[in-house]
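Undergrad:
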Amino acid sequence: MKLFLSESDIVALMDNELDLENNTNNPFDQLPSNVVDGFLNFTCKSIFVLPSEVYLPWQYLPRAIEYLPLLITPHLTELEIPWKAGGEIHIRKKDAHFILRLASVRSKLKILRMQLKFNYDSTFPFYINLISKFSKLQVLDLSTDDRLSKLPRFPSAQDEFLHLLGQHCTELRELSAEDHPITDAGIRGLCVIGNCRSIRLLNFYGCKAITNQGIKTALDNLPFLKILRNEATIDGLAEIAQNAADQGLPFPKYALPALYIFILKETVYKAGSLEKSVLLCPYITKVDMALMCDGIVKDADLVSLLSLKNLYILKIVQFLPVNFNEVTFRYSGGITFEGGVLPLLKKFGNSLKILELYVFFLDLDILTIMQFCHKLQYLYLYMRSKFDRWPKEEEQKSLNKREIPILKHLEKLMLCSDDSLHSLVPEDIVLTLLSSPLLSFISIKLFNNLTDEIIRKATHVNSFRHLEKLWLFHCNEVTKYGVDLFLQQNNPLKSLKLHRCDKITFEDSIEWEETLTKNNWELELQICHPY
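With positions in the sequence shown counted from 1, the corresponding number in the working numbering is that position plus 71.
#1: In three-state terms, what does DSSP make of Arg-300?
#2: Within its chain, find whatever has a CB closer than 7 Å to the CB of Phe-432; leave out the 5 residues flanking it on each side and keep chain order.
#3: Helix, strand or coil, according to DSSP, for Asn-562 in the structure here?
#4: Quick check: what's the CA-CA separation for Val-549 versus Leu-567?
#5: Within its chain, find whatever has a CB closer than 7 Å to the CB of Ile-477; leave out the 5 residues flanking it on each side and keep chain order.
#6: Which residue wins for smallest C-alpha separation from Ala-315, given the options Thr-282, Leu-350 and Phe-333?
#7: Does the beta-carbon distance from Gly-307 to Asp-370 come in below 7 Å?
#8: In angstroms, rounded to a whole number, what distance separates the CA positions of Leu-293 and Ala-303?
#9: Could you tell me which whole alpha helix (DSSP H) segments of length 4 or greater appear in the stretch 567-592?
#10: In or out: Phe-295 buried (at least 16 other Cβ within 10 Å) or exposed?
#11: How is Lys-483 classed by DSSP in three states: helix, strand or coil?
#12: Does the Cβ-Cβ distance between Leu-335 and Met-360 come in under 7 Å?
#13: Compute the distance between the beta-carbons of Ile-305 and Ser-344, then report whether it is under 7 Å.
#14: Tell me where the beta strand (DSSP E) around Gln-389 begins and ends.
#15: Quick check on the DSSP output: the alpha helix (DSSP H) that includes Leu-426 runs from which residue to which?
#16: At what residue ranges does the stretch 227-274 contain a whole run of the beta strand (DSSP E), taking only runs of 3 or more?
#17: Tell me the DSSP secondary structure of Phe-512 in three-state form.
#18: Flag this pair as yes or no: are the beta carbons of Gln-229 and Gly-257 separated by less than 7 Å?
#19: Could you compute how far the alpha carbon of Asp-255 sits from the alpha carbon of Met-441?
#20: Using three-state DSSP, classify Ile-281 as helix, strand or coil.
#21: Just mark Phe-205 as buried or exposed, buried being the case when its beta carbon has 16 or more other beta carbons within 10 Å.
#22: So, for Met-185: in the same chain, excluding its five sequence neighbours on each side, which residues have a beta-carbon less than 6 Å away from its beta-carbon?
#23: If contacts are defined as beta-carbon pairs under 8 Å, then Ile-581 and Leu-556 qualify, I think. What distance do you get, rounded to the angstrom?
#24: Would you tell me roughly how many angstroms separate the C-alpha atoms of Leu-484 and Leu-428, rounded to the nearest one?
#25: Can you tell me whether Gly-237 is buried or exposed? The criterion is at least 16 other CB atoms within 10 Å of its CB, across all chains shown.
#26: Excluding sequence positions up to five away, which residues of its chain have a Cβ less than 7 Å from the Cβ of Ala-633?
#27: Given a cut-off of 7 Å, decide if Leu-569 and Leu-594 are closer than it, judged by their beta-carbon atoms.
#28: Roughly how many angstroms separate the alpha carbons of Ser-375 and Glu-346, rounded to a whole number?
#29: Looking at the strands, I want to know which residues DSSP matches up with Tyr-552.
#30: Quick check on this structure: which residue in Ala-312, Ser-422 and Thr-356 has the alpha carbon closest to the alpha carbon of Pro-328?
#31: Sorted by chain position, which residues of the same chain lie with C-beta nearer than 7 Å to Ile-437's C-beta, five sequence neighbours on each side aside?
#32: How is Tyr-354 classed by DSSP in three states: helix, strand or coil?
#33: Looking at C-alpha atoms only, which residue of Thr-530, Leu-171 and Ile-298 is the closest neighbour of Arg-271?
#34: Is the beta carbon of Ile-513 closer than 7 Å to that of Leu-541?
#35: Locate the beta strand (DSSP E) running through Arg-184, then write down its first and last residues.
Take a look at the structure:
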């Protein structure tokens, strides 16, 4: 098989597309659509994704593009063209063009995901014309690379693309176009001039040219919209609420069940905007916040979420200031656990299913989380120990007297610290978390108080019969003995990752490989040694 198609090869294949459409001898035409989808997407990955375990020069990697005409059948409904670094850009552009053109002739795609990882101004019109041919398209993801968002590009081309989608892809349900120079005019062309009014998900994160007016246009003309991701969302909602109040009009109500909040270094946030936004979206059950540690968002903003009827998912991610200095940094993020998060847990803890805190709080209290949120299914805590205060002696005594409840519904547990020597989570809490009977995924990073003894105690109360993934990073007190406690014949473990755990040796790796082979276990084993 040839490693590369020449330009003449590709042209010849394109010239035969209509013959392919009428070809009745293709055996793949008889396969169900889900099987064809799987074959094709696997083949695309072999073309566009450079495997990390392969160290050959790119030009020597085998190519499978010759077989694509067979795989792109009339039954094809889903196409994903992934992209990773490597390869000659001009060759890979031709491959992408070829795949799209074949699909536009032969298939009625419903799902198209294509990651654009190059400066595509010269080729974007080609994509515009082809994608607009997929009249049955329901899911379209054309997210690009945020690094390329800084390159000079043409907003008019992006807006024209949305106009064409509005004219030709009227069945669209989900549209993602992260980091594109889309403007308010593009949104108007999509759902005001155009007819894409059945969209449920609109992901325009990183599209910084969109203003409050664009947000209002989307909300007013997409009655089925459930997810709206853009940095201007909160300010746009607040402006709508303020205008209604100024005119003495009733607040409009939007059916958004999720609120995505991006208050980053380039985001304008006015005090009280979150409270005003919530007034327009009474059905919110998910709040996902990405914040800078600059004090703009206060506890009072978080507490305004108490007006919601229900809250099932709460995610708060904080980012360090641009000029962060580890020595001089003092947390002044404006929000605290006790004043901002705790009131939410007291009201919604009984119904909360997912809690993710990637934070710099000075007063994070894991035990309190466990006591109020006993129905959690997913818990992700990332703690910055260098900036946390140590509990006073009397506080530690009080901690020892408090009962630690087992989270009986917990399925996914992620604990992450930035300092393995000073982990913030006491051993008894780690033990109790590992005792959760439904755990299917465990990821622990930089925890020296995770020991073989804690694991041994956990296995006495938990069979880990649901555990499928165990990932340990920099857990330097865990040895082969502790890991072996999870590797039982009746456990469904499918993925084991051990990254730079000091007491895991090369000999341990060899022995595990031999055990897997001997017992014919289908376990993905990834071990990165610290030396």
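Backbone N, C-alpha and C define an ideal beta-carbon position, used for all residues, glycine too. Small disclaimer: the values here were computed from a predicted structure and weren't measured.
TA: With the structure as the only source:
#1: strand
#2: Thr-407 and Phe-408
#3: coil
#4: 14 Å
#5: Cβ within range, chain order: Thr-503, Ser-506 and Ser-507.
#6: Leu-350
#7: no
#8: 17 Å
#9: 577-590
#10: exposed
#11: strand
#12: no
#13: Against a cut-off of 7 Å, the Cβ pair of Ser-344 and Ile-305 comes out as a contact.
#14: For Gln-389, the uninterrupted beta strand (DSSP E) run begins and ends at 384-390, by DSSP.
#15: Note, Leu-426: premise wrong, no alpha helix (DSSP H); beta strand (DSSP E) at 425-430.
#16: With a minimum length of 3 residues, the continuous beta strand (DSSP E) runs that stay inside the stretch 227-274 are 245-247 and 272-274.
#17: strand
#18: yes
#19: 44 Å
#20: Ile-281 falls in the coil class under three-state DSSP.
#21: buried
#22: Ile-152 and Leu-213
#23: Actually they do not touch by this definition, with Cβ atoms about 19 Å apart.
#24: 12 Å
#25: buried
#26: Since the first residue of the chain shown is 72 and the last is 602, residue 633 is not available in this structure.
#27: no
#28: Straight-line spacing of the CA atoms in Ser-375 and Glu-346 works out to 5 Å.
#29: Tyr-552 pairs with nothing; no bridge assigned.
#30: For the residues Ala-312, Ser-422 and Thr-356, the minimum Cα distance to Pro-328 belongs to Thr-356.
#31: Leu-452, Val-496 and Ile-500
#32: coil
#33: Ranked by Cα distance from Arg-271, the first of Thr-530, Leu-171 and Ile-298 is Ile-298.
#34: Ile-513 sits close to Leu-541, with the two beta carbons spaced by under 7 Å.
#35: 182-185
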